[in-house]
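The block underneath contains the structure these notes are about, expressed in structure tokens.
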Amino acid sequence: VLGGGGLFAAFPLSYAILMPAFYIPIILMLLGLILRGVSFEFRFKAQKRSKKRWGYVFYFGSLIATVTQGMILGYFVQGIAVSGRNFSGGPFDWLNAFSVMTGVALVAGYALLGAAWLIMKTEDVTQEWARRCTGYLFWLVAFFMGLVSLCMPIIDPRIRELWFSLPNFFYLGIMPVSSMIMLGILWYDLRHRNEYRPFFLIQGIFLMNYIGIVVSTWPWLVPYSVTFRQAAAVAESQSLLLVGAVIMLPVILAYTGYCYWVFRGKSSHETAY
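When you line the sequence shown up against our numbering, it's residues 4 to 276, in that order.
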């Protein structure tokens, strides 16, 4: 919601084009997030026989939210159909083979990140279960990373030219090489039962991949039709947003950091929610 509001204020043209293209997956994603929040609270207060049912609702909501996020990203990098200043595609253009693949890939990535978090934060049975999960999820994530990296240059010739032309090949090659190095270290840590570093390595891999997507679609805010300069609001609106961001971002970072500080260390059965 915050991202949508910021996009509307800072880049109204891109908002007007992207929202009709993503109406259905965004609505599904929000419904999934609502299911997550509701089921979490109801499971905590439910009787023993209904806890499992609410657990399934939480799982289903998480799956919907993650798949739709991945599909939105997959459709975005393929390019949005634009005619003039309006979205000219159909309501189900977002539903295609590549977007389904990126949706499944994001599920695998989030699952690996969550398993690494459990390794870092839990002990005993839960930690061992998370370790077993990472053994399968690691290879699944590595497979999807390679597959998406192979498909991206095929999607649009401009992406292929950007990454494989000289000297860009050497400059941009730092990102995939860094991802491969971190994958190698991650596999070593998982094999040697490191508790803390895998979580941060996976975050680094995510960061490298997202930077790669930004580089591939730059400077397009609506690939490959509208640049961020064409979509930008007037200078007065941008200045107002800058003031709000300068005030609110430190506040958000501060209370987020405080939350992580409060819940630092491993969770135990006695301190669980």
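We put the CB at the ideal spot given by N, CA and C, even for glycine.
Is it buried or exposed for residue i, if we count other Cβ within 10 angstroms and need 16 for buried?
i, result
"Gln-81", "buried"
"Leu-109", "buried"
"Asp-192", "buried"
"Met-251", "exposed"
"Ser-219", "buried"
"Val-254", "exposed"
"Phe-167", "exposed"
"Gly-187", "exposed"
"Thr-259", "exposed"
"Trp-223", "buried"
Determine, using beta carbons only, whether residue i and residue j come nearer to each other than 7 Å.
i, j, result
"Ala-68", "Gly-35", "yes"
"Val-70", "Leu-115", "no"
"Met-185", "Leu-204", "yes"
"Thr-105", "Gly-64", "no"
"Ile-75", "Phe-43", "no"
"Ile-162", "Pro-170", "no"
"Lys-269", "Glu-131", "no"
"Val-229", "Ser-86", "no"
"Tyr-113", "Trp-97", "no"
"Ala-133", "Leu-150", "no"
So, with DSSP's three-state summary, where would you put residue i?
i, result
"Ser-168", "coil"
"Thr-230", "strand"
"Trp-223", "strand"
"Gln-50", "coil"
"Trp-97", "coil"
"Asn-197", "coil"
"Val-218", "helix"
"Ala-118", "helix"
"Ser-65", "helix"
"Arg-267", "coil"
"Thr-125", "coil"
"Val-151", "helix"
"Phe-14", "coil"
"Gly-8", "helix"
"Asp-159", "coil"
"Ala-133", "helix"
Per DSSP, which residues does residue i bridge with? Please list them.
i, result
"Val-85", "Phe-90"
For chain B, is any of its Cβ atoms less than 7 Å away from the one on residue i?
i, result
"Val-254", "Absent from the structure: chain B. Only one protein chain is present."
Output the residue ranges of the alpha helix (DSSP H) runs that lie fully inside the region 231–256 and measure 4 residues or longer, sorted by chain position.
-> Runs found: 231–234.
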